[in-house]
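In our numbering, the protein residues as written are 18 to 91.
These notes concern the structure reproduced below.
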């Protein structure tokens, strides 16, 4: 049990950093989704422009919120 106790702290730090990197990539992905929705709306006129923009914006806000919360929780 001593082996796991001494490796727990560095291993936990590595896991935290990996989670933060994943969340940064996810926020970047959400920003790319915003851009892609904007380009798609300029290309296609379907009638769902406002709901699609809203969903993409909510997705970006949610991903940024999760990232900020992870900074406090982890």
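Cβ coordinates follow ideal geometry from the N, Cα and C atoms, glycine included.
Beta-carbon gap between residue i and residue j smaller than 7 Å
i          : j          : result
residue 69 : residue 81 : no
residue 66 : residue 58 : yes
Exposure of residue i, with buried meaning 16 or more beta-carbon neighbours within 10 Å
i          : result
residue 35 : exposed
CB-CB length for residue i against residue j, believed under 8 Å
i          : j          : result
residue 40 : residue 84 : 4 Å
residue 50 : residue 76 : 6 Å
residue 33 : residue 86 : With 8 Å as the limit, residue 33 and residue 86 do not qualify as a contact, their Cβ atoms being about 13 Å apart.
Cut-off 7 Å between Cβ atoms - residues of its own chain near residue i, not counting five sequence neighbours on either side
i          : result
residue 18 : Any reading at residue 18 must be qualified, since the residue scores a pLDDT of 48, below 50, and its modelled position is unreliable; no value is offered.
Proximal residues to residue i (C-beta, below 8 Å), its chain only, five neighbours per side dropped
i           : result
residue 88  : 37
residue 52  : none
residue 127 : Shown here, the chain extends from 18 to 91; a query on residue 127 therefore has no answer.
Alpha helix (DSSP H) segment containing residue i, residue limits
i          : result
residue 71 : 66-90
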